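Input: a single structure, listed below in structure tokens.
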Amino acid sequence: MILELAVIYTTRLDACRDFYRGIGLALVHERHGNGPEHYAATLADGGVLELYPATSRPETGYLRLGLTAPPNGAGFLPPGRHTLTDPDGRTVVLTVAEARPGRAAPEPRAGGYPRASNGGPVPPEGRTGVTYTEIAEHYGMSARYLSENPRWGRHPGWPAAIGKRGRTIEFDPEAIARFFGEHHTREATALEPSRRYTVVEIAEASGLQPDSIRSDISRGRWPTPDEMDGDRKLWRGETITTHLAGRRIYRNKPK
């Protein structure tokens, strides 16, 4: 049996978001139809942890979560077992794995998740296909949302599976990139090459959510800031334009 989904309902959504991001969860901002805005993170085994505002549903009470993070995958926490408390008082037992002897911890990939020649995600070494989780990481959404949404995995034009990796189905990465190019090409607002942009300004220009950009920053999937203005991170327009051209599928608005 596999745990596919765990949902925490909270009255402190922003505080819980910051806590769980701080221990390494890549929470992505989501909203399904007219439902509430919430956050979702896809775990290594394909399960999803979601944070929802406690509105029509009561707040989740006492809960004990056990999570494992890879080496250097939990922010400032060293290897070992750590018992933490989230903003609502729930216990989170976080185990940070030791780096294997003689093997350095993986460095963040420059410019984001690797991509195929046509902008799609690249399969892991030794594989020819990519899973929902790998596709979702590349395009900045949760695997559950990707697989169940009629605009994505349930779309009539979604590519057929080419095989399986254990219980997980795989897709041709080139076909996935073509699907995104045909159905979900984003029109990016032109950025002034030398101007400095904040996260909020980049979000407004690109159509991304600010929280998605911050998540990419925390995971090493976003360029290093070109400049700092106090605590504010700033990027040159040309830096962002180059990054978006490789990270996702964008095209400029027609002139």
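Heads up, the sequence shown is in the numbering used here, so the first residue is 39 and it goes up one at a time.
Beta carbons: idealized from backbone N, C-alpha and C, even for Gly.
Since we're looking at a predicted model, the values are computed, not measured.
_Three or more C-beta pairs under 8 Å: does that hold for the region 179–192 against the region 118–129?_
no
*What's the C-alpha gap between residue 175 and residue 136?*
In the sequence shown, residue 175 corresponds to position 137, counting from 1. In the sequence shown, residue 136 corresponds to position 98, counting from 1. Going by the C-alpha atoms only, they are around 24 Å apart.
*Reference residue 219, options 196, 231, 229, closest by Cα*: By 1-based counting over the sequence shown, the position of residue 219 is 181. Taking only the C-alpha atoms, the option nearest residue 219 is 196.
*Measuring CB to CB, does residue 107 end up less than 7 Å from residue 62?*
Here the question's residue 107 lines up with position 69 in the sequence shown. Here the question's residue 62 lines up with position 24 in the sequence shown. Their beta carbons are under 7 Å apart, which means residue 107 touches residue 62 by this criterion.
*With a CB to CB cut of under 7 Å and the five nearest residues on each side skipped, what residues in its chain are close to residue 202?*
Within the sequence shown, residue 202 is the residue found at index 164, counting from 1. Cβ neighbours of residue 202 beyond the five flanking positions: 208.
*CB-CB under 6 Å to residue 281, same chain, minus the five flanking residues each way: which ones, in chain order?*
In the sequence shown, residue 281 corresponds to position 243, counting from 1. Cβ neighbours of residue 281 beyond the five flanking positions: 261.
*alpha helix (DSSP H) containing residue 168: first to last residue?*
For the purposes of this step, residue 168 is identified with residue 130 of the sequence shown, where counting begins at 1. Counting along the chain, residue 168 falls outside any alpha helix (DSSP H), and DSSP gives it neither H nor E.
*asked:* By alpha-carbon positions, which one of 221, 216, 40, 241 ends up nearest to residue 228?
replied: Here residue 228 refers to the residue found at position 190 of the sequence shown. The shortest CA-to-CA distance from residue 228 to any of 221, 216, 40, 241 is the one to 241.
*asked:* Using the Cβ count rule (16 or more neighbours within 10 Å means buried), how would you classify residue 233?
replied: To locate residue 233, count along the sequence shown from 1; it is residue 195. Residue 233 comes out exposed.
*What residues match up with residue 68 in a beta bridge as DSSP calls it?*
One-based indexing of the sequence shown puts residue 68 at position 30. Residue 68 pairs with 76.
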